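54 is the number of the first residue of the sequence shown in the numbering used here; add one for each residue after it.
All C-beta atoms in this analysis are idealised placements derived from N, C-alpha and C, irrespective of residue type, glycine included.
Note that the structure is predicted; figures quoted are calculated from it, not measured.
What follows is a set of notes on a single structure, which appears directly below.
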Amino acid sequence: MMPVTIDVALMSGKTARVTASMDTSVQELTLQAQMLLEVGSGVLLRASGERLMCDATVRQLGLQAGEALSLQIRPAQIAATFSAFAACPGDGSAVTWRSSRPDTFRLLSQCVSHIQASNGAFAAILETGNVCTWGDPSYGGDSSSVQHQLRHVREIQASQAAFAAILEDGSVVTWGPSHRGGDSRSVQGQLRNVRAIQACRSAFAAILSDGSVVTWGEPTCGGDSGSVSHRLRNVRQIQSSFCAFAAILDDGSVVTWGLSSTGGNSASVSQQLRNVKHVQANRSAFAAIREDGSVVTWGDADCGGDSGSVRQNLVGVCEIQASMAAFAAVTENGTVVAWGHPSSGSIIDHVQEQLRGVKQIQSSENAFAALLADGSVVTWGSKQYGGDSAGVQHRLRNVQQIQASGNAFAAVRDDGSLVLWGGTVAWDVDEFMRTAPVQQIQASGESFAAVQADGVIVSWVWQNGCMSPWRACR
54 MMPVTIDVAL
64 MSGKTARVTA
74 SMDTSVQELT
84 LQAQMLLEVG
94 SGVLLRASGE
104 RLMCDATVRQ
114 LGLQAGEALS
124 LQIRPAQIAA
134 TFSAFAACPG
144 DGSAVTWRSS
154 RPDTFRLLSQ
164 CVSHIQASNG
174 AFAAILETGN
184 VCTWGDPSYG
194 GDSSSVQHQL
204 RHVREIQASQ
214 AAFAAILEDG
224 SVVTWGPSHR
234 GGDSRSVQGQ
244 LRNVRAIQAC
254 RSAFAAILSD
264 GSVVTWGEPT
274 CGGDSGSVSH
284 RLRNVRQIQS
294 SFCAFAAILD
304 DGSVVTWGLS
314 STGGNSASVS
324 QQLRNVKHVQ
334 ANRSAFAAIR
344 EDGSVVTWGD
354 ADCGGDSGSV
364 RQNLVGVCEI
374 QASMAAFAAV
384 TENGTVVAWG
394 HPSSGSIIDH
404 VQEQLRGVKQ
414 IQSSENAFAA
424 LLADGSVVTW
434 GSKQYGGDSA
444 GVQHRLRNVQ
454 QIQASGNAFA
464 AVRDDGSLVL
474 WGGTVAWDVD
484 EFMRTAPVQQ
494 IQASGESFAA
504 VQADGVIVSW
514 VWQNGCMSPW
524 RACR
């Protein structure tokens, strides 16, 4: 049968003419168009706006010679467990690889729209609304017991080792170890009209459309909210520490439950928890920003639950970032206030004068990195976790974004080059990244993965005290 010629256009008006057989898949058609148009990954749309399924063929879709399609460019998605990555470049395809063995990766045959990760497994929502899972079964990598229920999935959330999927009808399907929140049968009848789900290490909390909350999972880790259920009304947002939850209500008050030592009991500051607009958490404590820019803290005192020593400086706070056991607050005038455990980044005296005009802060487990308005970067905290950037300080100029793994940092500069540091060493990766600038970066526990402008995904894994690069896929 004669091949067909199809015109593919970008929003800018640039057009390419693609020749295909009747058995050419949409995925192949998309790849040809991307190469001809010299753009990154995207999806093909008909003039009506209908998205073409990536595994369908020209014949199945009835595409005609001369038909005009548009290519919608989409940003890549990267999800990470502690030791692996999964990437969806934006064209519906997906690839997954272990950070310790980036040379052994596999391509998913299904068309993927979103990927979520627990600490050891992945769950992908397909274009059909079904779900594909893989990874360690003890971390939710096996969903076979509920596969027949995973239809019309809208969103997926993950605890440390289990998953919860919200369906289009507002119901919820869970899988993974029951002690990590993978079994919601005890509350299944209540899980209706679910609006959002939050997870801690071993439990989930679902906000319903009426503002009430349903919880399940390990009872001591927040899976049992019975003691505060009468107060969980008109809930706007929920935040979690390692084993506790904090819910912000519409009136700006806060309700907490879960393990007391990780912030599940806020009775000592309940009268101060008024007009709260945002809550941040580290492993064992919470910090709430109020409408007037003041801050209220509770939980493990050594981990930031007690901010008394810096309370007079916590004025006009607009953002708080958390390491494992400390907090760093950015004020309206661009200065920083830190508190919590000294080994986790609470001591900033030696860099205090440099912390001016701070735009953003990122944290590893025990260190912080601040991006300043002039594009420079200031770091502090444990050297083994990226708190010392002296080895690459001359390269930390014109930085656009910072990403953190568990023990290191990565900075993307305005020319798309990348700078990595952490542990006791630092790495200049220009030689490896010379082919194309970096557009996006993601981190796992001890690794990074970057999406280049040419669609190539590169990852670095911590090996023998340094970061080893691998060109993972395209």
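For residue 167, the secondary structure class from DSSP, reduced to helix, strand or coil, is strand.
A residue is called buried when at least 16 other Cβ atoms come within 10 angstroms of its Cβ; residue 395 does not meet this threshold and is exposed. Secondary structure in the region 238 to 303: the beta strand (DSSP E) runs of 3 residues or longer, each lying completely within the stretch, are 247 to 252, 256 to 261, 266 to 270, 288 to 293, 297 to 302 in chain order.
In this structure, the straight-line span from the alpha carbon of residue 359 to that of residue 462 is close to 27 Å. DSSP assignment within the region 67 to 120 yields the following whole beta strand (DSSP E) runs of 3 residues or more, N-terminal first: 68 to 73, 95 to 98. Distances from the alpha-carbon of residue 392 to those of 385, 353, 413 put 353 closest. Taking one beta carbon from each stretch, the region 188 to 195 and the region 217 to 225 have fewer than 3 pairs nearer than 8 Å; the two do not touch.
Per DSSP, the continuous beta strand (DSSP E) segment holding residue 372 begins and ends at 370 to 375. Judged by their CB atoms, residue 364 and residue 387 are not nearer to each other than the 8 Å cut-off. Taking a cut-off of 8 Å on C-beta distances, the region 432 to 441 touches the region 457 to 475, as three or more cross pairs fall below it.
When beta bridges are read from the DSSP output, residue 185 appears opposite 177. Boundaries of the beta strand (DSSP E) around residue 141: 137 to 141. Cβ contact annotation for residue 187 (same chain, cutoff 8 Å, sequence separation greater than five): 149, 174, 175, 194, in chain order. Within the same chain, and ignoring the five residues on either side of residue 92 in sequence, the residues whose Cβ sits closer than 8 Å to its Cβ are 63, 124, 126.
Around the beta-carbon of residue 304, fewer than 16 other beta-carbon atoms lie within 10 Å, marking it exposed. Across the set 250, 400, 268, the C-alpha of 268 shows the shortest separation from the C-alpha of residue 278. Under the three-state reduction of DSSP output, residue 450 falls in the coil class, being neither helix nor strand. Judged by beta-carbon spacing, residue 239 lies beyond the 8 Å limit of residue 214, meaning their Cβ atoms are not closer than that value. Taking the Cα of residue 200 as reference, the smallest distance to any Cα among 236, 234, 183 is reached at 183. Residue 342 and residue 291 do not touch by the CB rule: their CB atoms are close to 16 Å apart, not below 8 Å. Residue 227 is bridged by DSSP to 217. By the Cβ-count criterion, residue 417 is buried, with 16 or more other Cβ atoms from all chains shown falling within 10 Å of its own Cβ. Taking residue 284 as the centre and dropping the five residues before and after it, the same chain places the C-beta of 308 closer than 6 Å to its C-beta, in chain order. Residue 139 is positioned such that its CB atom lies no closer than 8 Å to that of residue 57. When only Cα atoms are considered, residue 246 and residue 299 end up about 21 Å apart.
The alpha-carbon separation between residue 263 and residue 242 amounts to approximately 15 Å.
Cβ-Cβ distances below 6 Å link residue 447 to nothing in the same chain once the five nearest sequence neighbours on each side are left out. By the neighbour-count criterion, in which a residue is buried when 16 or more other Cβ atoms sit within 10 angstroms of its Cβ, residue 172 is buried. One Cα belongs to residue 177, the other to residue 390, and the distance between them is close to 39 Å. If you keep only unbroken beta strand (DSSP E) runs of at least 3 residues inside the region 391 to 472, you get 411 to 416, 420 to 425, 430 to 434, 452 to 457, 461 to 466. Rounded to the nearest angstrom, the gap between the Cα atoms of residue 72 and residue 329 is 58 Å.
For residue 60, the enclosing beta strand (DSSP E) has its first and last residue at 57 to 62.
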